[in-house]
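Engineer: There's a structure below that I have some questions on.
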Amino acid sequence: MGSGAVEGRLAGLGLTLPEVAAPLASYVPAVCTGPYVYTSGQLPLVDGKLGVTGKVGAEVTSEEAKELARTCALNALAAVKSVVGDLDRVVRVVKVVGFVASAPDFTGQPGVVNGASELLGEALGDAGVHARSAVGVAVLPLDAPVEVEIQVEVAD
Numbered sequence: 659m660g661s662g663a664v665e666g667r668l669a670g671l672g673l674t675l676p677e678v679a680a681p682l683a684s685y686v687p688a689v690c691t692g693p694y695v696y697t698s699g700q701l702p703l704v705d706g707k708l709g710v711t712g713k714v715g716a717e718v719t720s721e722e723a724k725e726l727a728r729t730c731a732l733n734a735l736a737a738v739k740s741v742v743g744d745l746d747r748v749v750r751v752v753k754v755v756g757f758v759a760s761a762p763d764f765t766g767q768p769g770v771v772n773g774a775s776e777l778l779g780e781a782l783g784d785a786g787v788h789a790r791s792a793v794g795v796a797v798l799p800l801d802a803p804v805e806v807e808i809q810v811e812v813a814d
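Pasting the structure below:
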């Protein structure tokens, strides 16, 4: 349970894995089944708090939301580590799903979710390349602007 190459790359970006956020309801942050880890949706919590709330395209800019998606991905990596012990076991990110609380006329969800995709690529290199969905929604828990979940394949 140490820090390896992935966490070293994160450190090079000035990032450290946060503590895994406590669930808001009846679920766990991540589940490992076979060679896969599925995370629950991760909000852009920092020290257990949302720094920004509201809809993207209204109270929150696309640029702010992209940074928040990056934070969601970092939280998702922390959730993965919590069940596998070492992020260097990640063979690849299989799928990313990003939810963007959107103003009615906002259509830039893919650009927002790029924040998560780019962070995963920076942290995991080629293993961070993934399939993805970017979905606009009316509202997210705690009025968060963005939520991200990931599925990863891990080695034994």
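Residue numbering for the sequence shown is 659 to 814, as defined by this note's numbering.
Ideal Cβ positions, reconstructed from N, Cα and C, are used throughout, including at glycine.
Predicted model only: the values in this text are computed from it and were never measured.
(1) Residue range of the beta strand (DSSP E) that A683 falls in?
(2) Is the beta carbon of A785 closer than 7 angstroms to that of V748?
(3) Give me the Cα-Cα distance between V714 and L798, rounded to the nearest whole angstrom.
(4) What separation, rounded to the nearest whole angstrom, lies between the Cα atoms of Y694 and G666?
(5) For a test of the three-state rule: what should DSSP assign to V718, helix, strand or coil?
(6) Drop a sphere of 10 angstroms on the beta-carbon of G773, count the other beta-carbons inside from all chains shown, and report buried for 16 or more, exposed for fewer.
Structural biologist: Short version:
(1) Taking the first residue of the sequence shown as 1, we reach residue 683 at position 25. It is not in any beta strand (DSSP E) - A683 carries neither H nor E in the DSSP assignment.
(2) Translated into the one-based positions of the sequence shown, residue 748 becomes position 90. Translated into the one-based positions of the sequence shown, residue 785 becomes position 127. In this structure, A785 lies closer than 7 angstroms to V748 by Cβ.
(3) Counting from 1 along the sequence shown, the entry for residue 714 is found at position 56. Counting from 1 along the sequence shown, the entry for residue 798 is found at position 140. If I take the Cα positions, the gap works out to 11 angstroms.
(4) Here residue 694 refers to the residue found at position 36 of the sequence shown. Here residue 666 refers to the residue found at position 8 of the sequence shown. C-alpha separation (whole angstroms): 23 angstroms.
(5) As a working note, residue 718 is residue 60 in the sequence shown. Correct three-state label for V718: strand.
(6) Position 115 of the sequence shown, counted from the first residue, corresponds to residue 773. It counts as buried.
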